[in-house]
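Trainee: Heads up, my numbering is the position in the sequence shown plus 49, with the first residue counted as 1. Here a beta-carbon is modelled for each residue, glycine too, at the ideal position from N, C-alpha and C.
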Amino acid sequence: MYVWADGIHMNVRMDNKQCLLVLIGATEDGGKELLAVEDGYRESAQSWREVLLALKGRGLTSVPKLAIGDGALGFWKALAEVYGAAKRQPCWVHKTANVLNKLPKSAQSKAKEGLHEIWMAETKAKAEKAFDTFVETYGPKYPKAVECLAKHREELLTFYDFPAEHWKHIRTTNPIESTFATVRLRTAKTRGCLSRTTALTMAFQLARCAQKGWRKLNGYQHLAEIIRGVKFVDGVKETRKAA
């Protein structure tokens with residue numbers, strides 16, 4: 050159905066950072082499930098490929114309708130190979146941070162407002178207009194910031210093809226980030242005492258415990274419609290006019 054993916058970087062030992070590749074999925078009834086927590090190598094395509102192939106081997110043979118992830122190229126490359134038909138939605142929180150990092154601090158506050166106007170627009174047409182405004186405003190002086198945003202333009206607006214009730218869930222990788230904020234805190238307190246294996250085990254168990262408190266998606270009743278191929282335009286179910 051929906052799949053969120055993110056690479057979580059943790060300080061396991063004083064001189065050793067560990068990257069966990071995490072997948073969370075949403076089922077037809079709107080519940081969220083932890084699908085994978087694996088040790089990865091810098092979010093490489095090969096590492097993500099192994100995670101996705103293992104997931105497919107465990108039974109997820111149907112292609113997810115939508116994959117939500119950060120800007121890591123490794124995940125998107127592996128996704129294309131394993132679940133090629135899945136639609137893509139880059140995380141707006143990650144993208145915003147990446148764009149702002151390419152701007153001087155004096156311009157970041159106003160630019161953040163401009164980015165917010167894009168992904169909070171009520172319709173795709175309004176989002177496209179806000180997108181154009183951002184490009185025209187910052188392109189001449191800050192081409193690298195605009196390039197960072199524009200290269201994923203189509204994918205960034207994918208969420209408009211899904212129910213509006215789901216937008217808050219699928220525009221970001223927050224289901225993973227919020228859960229692993231606690232995991233990072235726990236591992237930070239034990240830094241220097243954990244091996245890579247014990248850190249992975251600890252993270253997995255903490256995530257499993259957190260899963261019990263995960264909320265269902267708003268408007269989860271629409272998930273069955275998405276699975277059946279019902280089309281949504283600007284978050285609203287498309288109705289065919291009678292001939």
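#1: Start and end of the beta strand (DSSP E) containing D181?
#2: List the DSSP bridge partners of I73.
#3: Which residue from Q67, E82, D88, E77 puts its Cα closest to that of T228?
#4: Is DSSP giving A248 helix, strand or coil here?
#5: With a threshold of 16 other CB atoms inside 10 Å of the CB of Q67, please say whether the residue is buried or exposed.
#6: Helix or strand or just coil, what does DSSP make of P139?
#7: Do L104 and L84 come within 8 Å of each other at the CB atom, strictly closer than that value?
#8: Residue range of the beta strand (DSSP E) that L206 falls in?
#9: Using 8 Å as the threshold, is the C-beta distance between E214 and N267 below it?
#10: Is D55 closer than 8 Å to E162 when the C-beta atoms are compared?
#11: Answer yes or no: do K144 and L72 have a C-beta to C-beta separation smaller than 8 Å?
#12: Here's the rule: buried if 16 or more other CB atoms are within 10 angstroms of the residue's CB, otherwise exposed. What is T207?
#13: So, under 8 Å CB-CB, E87 and I276 are touching, yes? Tell me the CB distance rounded to an integer number of Å.
#14: Can you tell me whether V148 is buried or exposed? The criterion is at least 16 other CB atoms within 10 Å of its CB, across all chains shown.
#15: For V52 and A75, I'd like the C-alpha separation in whole angstroms.
#16: Would A194 pass as a contact of K151 if the rule is Cβ separation under 8 Å?
#17: Hey, quick one: how far does the beta strand (DSSP E) through A116 stretch, first residue to last?
#18: Exposed or buried, which one is S93 when buried takes at least 16 other CB atoms within 10 Å?
#19: Identify which residue in A170, T110, V232 has its Cα closest to the Cα of M50.
#20: Compute the Euclidean distance between the alpha carbons of R107 and Y132, then round it to the nearest angstrom.
#21: Just tell me which of T186, I167, E130 has its CA closest to the CA of K178.
#22: Tell me, please, which residues DSSP counts as bridged to D88.
#23: At which residues does the alpha helix (DSSP H) containing E214 begin and terminate?
Mentor: Considering the structure as presented:
#1: Run containing D181: none in the beta strand (DSSP E); it sits in the alpha helix (DSSP H), 173-187.
#2: DSSP output for I73 lists W53, L83 as bridge partner(s).
#3: Looking from the CA of T228, the closest CA among Q67, E82, D88, E77 belongs to E82.
#4: The answer is helix: DSSP assigns A248 an H, G or I state.
#5: When all chains shown are included, Q67 counts as buried.
#6: Correct three-state label for P139: strand.
#7: Inclusion of L84 and L104 in the CB contact set at 8 Å is warranted, their separation being smaller than that value.
#8: No beta strand (DSSP E) holds L206; DSSP gives it neither H nor E.
#9: Yes. Within cutoff.
#10: No.
#11: Between K144 and L72, the gap from beta carbon to beta carbon reaches 8 Å or more.
#12: The Cβ neighbour count for T207, taken over all protein chains shown within 10 Å, is at least 16; the residue is labelled buried.
#13: In fact, because the Cβ distance is near 27 Å, the residues do not count as touching under 8 Å.
#14: In this structure V148 is buried. Its beta-carbon is surrounded by 16 or more other beta-carbon atoms within 10 angstroms.
#15: Near 7 Å, if we compare the C-alpha coordinates of A75 and V52.
#16: By the CB criterion at 8 Å, A194 and K151 fall inside the cutoff.
#17: Taken as a continuous stretch (DSSP letters only), the beta strand (DSSP E) holding A116 covers 115-118.
#18: Buried, by the Cβ-count rule.
#19: Among A170, T110, V232, the Cα nearest to that of M50 is on T110.
#20: Distance between the alpha carbons of R107 and Y132 is about 14 Å.
#21: When each option's Cα is compared against that of K178, the closest is I167.
#22: BP columns for D88 point to L69.
#23: Per DSSP, E214 is not a residue of any alpha helix (DSSP H), being assigned neither H nor E.
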